[in-house]
Amino acid sequence: RRRAGRAARGRGDTGRRGAAGGIDPAVVARGAGGLRAVFGGRARQLEEARLLAEPVQVLTPVFVAELDRVADAVPWIALFLDTYERTAPQLDRWLADLLTPGRYGELPANLVLTLAGQRRLDPAHWGDRGRLVADVPLGPFTEEEARQLLNGRGVVAEPAVREVLRLSGGLPVLVSTLARKPRRGR
306 RRRAGRAARG RGDTGRRGAA GGIDPAVVAR GAGGLRAVFG GRARQLEEAR LLAEPVQVLT
366 PVFVAELDRV ADAVPWIALF LDTYERTAPQ LDRWLADLLT PGRYGELPAN LVLTLAGQRR
426 LDPAHWGDRG RLVADVPLGP FTEEEARQLL NGRGVVAEPA VREVLRLSGG LPVLVSTLAR
486 KPRRGR
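Written as structure tokens, this is what we have:
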């Protein structure tokens, strides 16, 4: 109070008196604004530090809240993660925790998460959450399906199509890989 009182008298009395012993309300307001800036800046620094130290704990509840917001506006939310065998080391723990009720908030009932990969989910991370998973093994493409993919990629010469079918055995990843056109100059 002394400091604020001195500041008010030091800048000249404007004739306006606050309830706190003759302190200029404008000076108090400026002082409060300065405190907000200082403490707000510290709060932002703490939030940023926490974000850097614990990004999953900070961002996942925000992600869940956004899913919840979107869920109110659409009939279904579908998230697809393909080639999961590549990202599983980074995502397994997080996704398993995400599906744990109450861990980061409740997921919307109209959310469908699809993981596509070459291996089963790691029981070390998924444990009993596996009951939430429907394992749907995919077999090789039929010849018609493989031809359709090849045609869509511009592979239409019959000798090339037959060779892709022979080499791939209809396995989708191989059909897709063999259907890629080589870049010129390579």
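First residue of the sequence shown: 306, per my numbering; consecutive thereafter. Every residue gets a Cβ at the ideal spot worked out from N, C-alpha and C, and that includes glycine.
Rounded to whole angstroms, the Cβ separation of L483 and L472 is 6 Å, and the two are in contact under 8 Å. Looking at the DSSP output, A383 sits in a beta bridge with V417.
Distance check between I382 and each of T388, D373, Y389, E390 places D373 closest, using alpha-carbon atoms only.
The DSSP-derived three-state label of L404 is coil.
Beyond the five residues adjoining it in sequence on each side, G474 comes within less than 8 Å, by CB distance, of P445 in the same chain, given in chain order.
Judged by DSSP in its simplified three-state form, P445 adopts coil rather than helix or strand. Judged by DSSP in its simplified three-state form, E463 adopts helix.
Put simply, the backbone Cα of E468 is about 39 Å away from that of P428. In this structure, the CA atom of E448 is about 10 Å from the CA atom of V466. Following the DSSP letters along the chain, one finds V480 inside the alpha helix (DSSP H) bounded by residues 477 to 484.
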